[in-house]
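Colleague:
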Amino acid sequence: KSLDYGDTACGQDYLEFAVKPFSQLITDDVKSVIVVAGMGGNCGTSAAIAVAQDAKAAGKAVFAVVSVPFRFEGSLRMKKAQESIAQLVPNVSELRLMNPHNIIDGNTNAALAFALSEQLMCDAVKALCVLAKNNCDKR
Numbered sequence: 003k004s005l006d007y008g009d010t011a012c013g014q015d016y017l018e019f020a021v022k023p024f025s026q027l028i029t030d031d032v033k034s035v036i037v038v039a040g041m042g043g044n045c046g047t048s049a050a051i052a053v054a055q056d057a058k059a060a061g062k063a064v065f066a067v068v069s070v071p072f073r074f075e076g077s078l079r080m081k082k083a084q085e086s087i088a089q090l091v092p093n094v095s096e097l098r099l100m101n102p103h104n105i106i107d108g109n110t111n112a113a114l115a116f117a118l119s120e121q122l123m124c125d126a127v128k129a130l131c132v133l134a135k136n137n138c139d140k141r
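Position one of the sequence shown corresponds to residue 3 (our numbering), numbered consecutively onward.
(1) Which of helix, strand or coil does DSSP assign to V64?
(2) Quick one: using the 10 Å Cβ neighbour count with 16 as the cut-off for buried, is E75 buried or exposed?
(3) Shortest alpha-carbon distance to L78 belongs to which of A66, F24, V68 and M41?
(4) Between which residues of its own chain and Q55 is the CB-CB distance below 7 Å, once the five residues before and five after are set aside?
(5) Can you grab the Cα-Cα spacing for the pair S25 / A66, in whole Å?
(6) Are A57 and G46 close, meaning C-beta to C-beta below 8 Å?
(7) If you count every other CB in all the chains shown that lies within 10 Å of the CB of G108, and 16 or more means buried, which is it?
(8) Among V53, E120 and L118, which one has its Cα closest to the Cα of I28?
(9) Quick one: complete alpha helix (DSSP H) runs, 4+ long, within the region 22-107?
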């Protein structure tokens, strides 16, 4: 089975093998954590919430850049994304929600749509990093 909405084991496995070891990296030297994920599936959604919770519990500033699914991915995935974002919000200092619907039209194929969405997410994270660096440089 693919790593998609229906594969709940993927999300749990991901938490066990990737997120828990990552959370050990949130040491005293770390001042902030940037969480980036596509919401609505299991792996990224589960990891985003878990990492944000761990970072917040450690007293870190938590910034999240997340995207909602495309309409063509279905209403179940969108519903899960909305529910997951609601769980993420209390655990972040700042949330940037990327809505990919505005970057495609009816003629855009799925591969291009995902590539454009990925670029949008990358640009958002780069901008956040520049702002964070500029803020640190002023101190």
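Even glycine gets a Cβ: it sits at the ideal position worked out from N, Cα and C.
Modeller: In brief:
(1) strand
(2) buried
(3) M41
(4) N93
(5) 16 Å
(6) no
(7) exposed
(8) V53
(9) 22-25, 45-59 and 77-90
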